[in-house]
Amino acid sequence: MVTVAPSAVAPDTAVPSRPIPSKDGQPPKRARSVRYHAFLIIAAGTWFLPLLWMISLALTPNDVLQTSSTSLLPTALTLDNLFNVFNAGDLLRWFLNSFVVTTVTTALTVVFCAMAGYAFARIDFPGRRALFVVVIAGLMVPREGMFIPLFLLFSGTGQQNTYDALILPRLAAPLGVFIMTQFFSKVPAEMEEAARIDGATRWRIFVSIMLPLARPAMASLAIFTFVLTWNDYLWPLVISTKTEWFTVTTGLASLQSNFAATTNLGDLMARGLVGSLPLLVVFLLFQRQLIRGITLGSGEK
Numbered sequence: 399m400v401t402v403a404p405s406a407v408a409p410d411t412a413v414p415s416r417p418i419p420s421k422d423g424q425p426p427k428r429a430r431s432v433r434y435h436a437f438l439i440i441a442a443g444t445w446f447l448p449l450l451w452m453i454s455l456a457l458t459p460n461d462v463l464q465t466s467s468t469s470l471l472p473t474a475l476t477l478d479n480l481f482n483v484f485n486a487g488d489l490l491r492w493f494l495n496s497f498v499v500t501t502v503t504t505a506l507t508v509v510f511c512a513m514a515g516y517a518f519a520r521i522d523f524p525g526r527r528a529l530f531v532v533v534i535a536g537l538m539v540p541r542e543g544m545f546i547p548l549f550l551l552f553s554g555t556g557q558q559n560t561y562d563a564l565i566l567p568r569l570a571a572p573l574g575v576f577i578m579t580q581f582f583s584k585v586p587a588e589m590e591e592a593a594r595i596d597g598a599t600r601w602r603i604f605v606s607i608m609l610p611l612a613r614p615a616m617a618s619l620a621i622f623t624f625v626l627t628w629n630d631y632l633w634p635l636v637i638s639t640k641t642e643w644f645t646v647t648t649g650l651a652s653l654q655s656n657f658a659a660t661t662n663l664g665d666l667m668a669r670g671l672v673g674s675l676p677l678l679v680v681f682l683l684f685q686r687q688l689i690r691g692i693t694l695g696s697g698e699k
């Protein structure tokens with residue numbers, strides 16, 4: 399009996415190689431990776447193009463923008479628009495107000511939400527479920543619906559045009575309480591029981607064990623709070639009647655006249671660029687913590 403070696407088989411009779419489908423019927427991992435990255439590129443481009451357009455318009459002279467404002471790259475460069483923003487109004491005071499309000503609000507919101515989340519998740523007290531439902535129900539109440547009673551409250555107590563009026567209404571954050579409650583409820587109870595056996599008090603367990611574990615969730619909550627507080631426009635507009643108490647959003651908007659949107663488009667885009675720079679810096683510095691907090695609990699390692 400004669401055996402034929404595999405190398406003796408003719409090349410044209412060899413079976414062509416085909417991609418082996420996965421066992422669950424899904425496309426190969428390489429194909430899924432290509433589709434995933436293509437989607438991310440499209441999403442990133444969708445987000446980046448408006449930002450690039452704003453930067454281009456902010457660096458283009460106003461007389462050039464009167465003829466054409468559709469180019470993604472500036473046809474002529476100028477810094478006059480940025481200088482006009484810094485020379486108009488009390489920009490440094492507005493930035494100071496926004497920095498104080500945003501920083502204090504973010505710090506206190508994270509602390510209060512962490513304490514409330516730990517209490518709802520770990521402490522069994524009477525009426526816990528009912529109170530938690532009431533807190534979560536606050537998500538269904540629009541913020542604009544609370545402006546009138548809040549305005550009457552702060553103006554009646556003489557706190558209008560103060561940091562208290564700009565900060566205190568933001569500290570009640572039902573979403574933050576919900577996020578921290580969900581996180582603390584997933585922490586194994588054995589860790590807390592072991593600390594109790596060692597003689598740790600409730601406060602010591604919260605500070606020394608729970609808070610270090612909750613850093614990703616707290617970082618995400620802090621970033622979200624920072625962004626929302628910095629971008630807020632309506633409440634500072636309602637409660638601040640004096641120019642020196644404006645935040646960046648209301649202050650830059652106060653520089654806008656009825657006809658500036660058509661004649662000074664470069665100045666308008668420069669104000670938007672200056673107001674959004676702190677948010678871009680915060681995102682670039684803390685994007686790892688933000689992504690980690692968003693994916694927390696997704697099951698990925």
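Okay, so the sequence shown: first residue is 399 according to the working numbering, each after it adds one. Note that the Cβ used here is the ideal one computed from N, Cα and C, for glycine as well.
CA-to-CA, the gap between Tyr631 and Val646 works out to about 9 Å. Ranked by how close their Cα comes to the Cα of Leu470, the residues Phe446, Arg594, Gly487 have Phe446 in first place. In chain order, Asp665 place their CB closer than 6 Å to the CB of Asn482, counting only its own chain and leaving out the 5 sequence neighbours on each side.
About 12 Å separates the CB atoms of Ile603 and Glu588; that is not less than 8 Å, and the two are not in contact. A direct Cα-to-Cα measurement between Leu663 and Ile440 gives close to 28 Å. In this structure, DSSP gives Gly670 a helical state, which the three-state scheme calls helix.
In the displayed model, Gly543 falls within a helix according to three-state DSSP. Each of Phe684, Pro634, Val462 was checked against the Cα of Phe552, and the nearest Cα belongs to Pro634. Our two residues, Leu490 and Phe497, have alpha carbons roughly 10 Å apart in a direct line. Between Arg613 and the set Phe530, Ile577, Leu671, the nearest pair of CA atoms involves Ile577. Under the three-state reduction of DSSP, Gln557 is assigned to coil, being neither helix nor strand. Cβ contact annotation for Phe493 (same chain, cutoff 7 Å, sequence separation greater than five): Val646, in chain order. Here DSSP, grouped into helix, strand and coil, assigns Ser606 to helix. Around the beta carbon of Ile595, fewer than 16 other beta carbons lie within 10 angstroms, which makes this residue exposed.
Thr473 carries a coil assignment under DSSP once its states are collapsed to helix, strand and coil. The segment 505-517 and the segment 666-686 do not touch, with fewer than three beta-carbon pairs separated by less than 8 Å. The three-state reading of DSSP puts Lys640 in coil, since its state is none of H, G, I, E or B.
Around the beta carbon of Trp628, 16 or more other beta carbons lie within 10 angstroms, which makes this residue buried. In this chain, Arg568 is not harboured by any alpha helix (DSSP H), its DSSP state being neither H nor E.
Rounded to the nearest whole angstrom, the CA to CA distance from Thr555 to Ala505 is 25 Å. Between Leu653 and Gly673, the C-beta gap is not smaller than 8 Å, which leaves the two residues out of contact. A residue is called buried when at least 16 other Cβ atoms come within 10 angstroms of its Cβ; Asn479 meets this threshold and is buried. In this structure Met608 touches Val585 by the C-beta definition: roughly 7 Å separates them, less than 8 Å. Distance from the CA of Phe530 to the CA of Leu537, rounded to the nearest whole angstrom, comes to 12 Å.
Approximately 34 Å separates the beta-carbon atoms of Ala563 and Ile453; this is outside 8 Å, ruling out the contact. With contacts defined as CB atoms closer than 8 Å, Thr639 and Gln558 qualify as a contacting pair.
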